[in-house]
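Have a look at the structure below before the remarks.
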Amino acid sequence: MFDYEAEMRFYQPRFRAACGVRAGDRVLDIGCGSGQTTRDAALDAAPGVVLGVDISENRLAQAPRLANVSYLLADAATYEFERFDVGISRFGVMFFADPVAAFSNLRRACGRIVLMVWQPRVENEWARVIPAALGGAFRDDSPFSLGDRSRARGILTAAGFAEPTFTELREPVYYGPDVQTAYDNVLQLHEPQKLLAELDPAAADRGQEALRETLAAHDTGDGILFDSAVWIIEAM
């Protein structure tokens, strides 16, 4: 299984600091996945409580259990939450079918929000060179749906949040300690699998060999790293 927490190893400390969770806070972790952000928020909030919400039962099953943490299998876009001091999300809010309605729901629940979202695809090396190596392009642009500041600001203000602030962060994303591990990790992801499935066998073989070469070119000695860029968005 792809290790998303390892991929985010350079971003997570900076996101945790940006969240500014304080002792006693009630925290909602939106799209919490396997719970690294939930755990960190729980450590900072104690004796406050944290609720992690996600639509993936499998990811929630992997999440750590702490005394001041609970998890909820639900759609954060529509679920009627209790009130929280802060809502946080690391790459969990870019996929809403109706983002204004979803963020309006979160506005009712959260005193403030702190989000980490990808900047546009063009600013993220991993999102350009990996599909290019495989011989195509990833077609799913939803991970970058909040990358445009004007669009993201418009969605949040329409949902009732005050003027959002955007802070740019650039860190590498980590795909593994060596080429083989990174190769196996990339080929577990949905978009590379989908792209390769659309190619004829010879083209797929060429793509996989080119992927190995691309990963080898990004071997820093401290792992396979690609440049990336995100926004930290804060709003009340």
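Mapping the sequence shown onto full-length UniProt numbering, position 149 (from 1) lands on 149, and the numbers just tick up by one. C-beta: ideal position from N, C-alpha, C; glycine also.
In the structure shown, what three-state DSSP assignment does Ser-150 receive? Residue state, collapsed to three classes: helix.
- Query: Alpha carbon to alpha carbon, what distance is there between Val-179 and Asp-219?
  - Reply: Straight-line Cα distance between these residues: approximately 7 Å.
Q | Residues near Ile-155 in its chain [Cβ-Cβ closer than 7 Å; skip 5 each side] | A | So the list reads Pro-99, Val-100, Phe-103, once near-sequence residues are dropped.
- Message: I'd like to confirm the pairing. Which residues does DSSP put opposite Trp-231 in its beta bridges?
- Response: For Trp-231, which the question treats as bridged, DSSP gives the partners Val-117, Glu-168.
Checklist entry - Who pairs with Asp-29 in a beta bridge, going by DSSP? => result DSSP lists Gly-52, Ile-88 as the bridge partner or partners of Asp-29.
Practice item. State yes or no: is the C-beta of Arg-107 within less than 7 Å of the C-beta of Ala-159? Key: Result yes, Cβ atoms of Arg-107 and Ala-159 sit closer than 7 Å.
Between Trp-118, Ala-133, Val-49, Phe-166, which lies nearest to Leu-28 when the distance is taken from Cα to Cα? Nearest C-alpha to Leu-28: Val-49.
Q: In angstroms with no decimal places, state the Cα-to-Cα distance between Thr-181 and Tyr-174.
A: Those two C-alpha atoms are separated by around 11 Å.
**Asked** With 16 as the cutoff for other CB atoms within 10 Å, does Gln-36 come out buried or exposed?
**Response** Gln-36 is buried by the Cβ-count criterion.
| query | Taking the alpha-carbon positions, what's the Gly-31 to Gly-24 distance? | reply | So the two alpha carbons sit approximately 22 Å from each other.
| Buried or exposed: Asp-40, going by 16 or more other Cβ atoms within 10 Å of its Cβ? | Residue burial annotation: Asp-40 is buried, with at least 16 other C-beta atoms found within 10 angstroms of its C-beta.
Q. From what residue to what residue does the beta strand (DSSP E) around Ser-70 run?
A. For Ser-70, the enclosing beta strand (DSSP E) stretches over residues 69-73.
Discussion item. Less than 7 Å between the beta carbons of Val-117 and Leu-146, yes or no?
Written reply: Yes, the Cβ-Cβ distance between Val-117 and Leu-146 is below 7 Å.
Please report how far the alpha carbon of Arg-65 lies from the alpha carbon of Glu-7, in whole angstroms. In this structure, the straight-line span from the alpha carbon of Arg-65 to that of Glu-7 is close to 22 Å.
Assign Pro-164 to buried or exposed, taking buried as 16 or more other Cβ atoms, counted over all protein chains shown, within 10 Å of its Cβ. In the assembly as shown, Pro-164 is a buried residue. Its beta-carbon has 16 or more other beta-carbons within 10 Å.
**Study point:** Backbone secondary structure at Arg-83 - three-state DSSP
**Key:** Arg-83 falls in the coil class under three-state DSSP.
* Asked: Which of helix, strand or coil does DSSP assign to Leu-189?
  -> In the structure shown, Leu-189 falls within a coil segment according to DSSP collapsed to helix, strand and coil.
Q) Is there a Cβ from chain D that is less than 7 Å from the Cβ of Pro-47? A) In summary, chain D is missing from the structure at hand, where a single protein chain is found.
- prompt: How many Å lie between Arg-212 and Gly-92 at the Cα?
  reply: Counting only the Cα atoms, Gly-92 lies some 29 Å from Arg-212.
Notebook entry, point to check: Which of helix, strand or coil does DSSP assign to Gly-111?
Noted result: Three-state result, Gly-111: strand.
Worksheet item: Identify the residues that DSSP records as bridge partners of Val-173: which are they?
Response: Partner(s): Phe-226.
Item checked: Buried or exposed by the 16-neighbour rule on C-beta atoms within 10 Å, applied to Arg-170 -> Flag for Arg-170 reads exposed.
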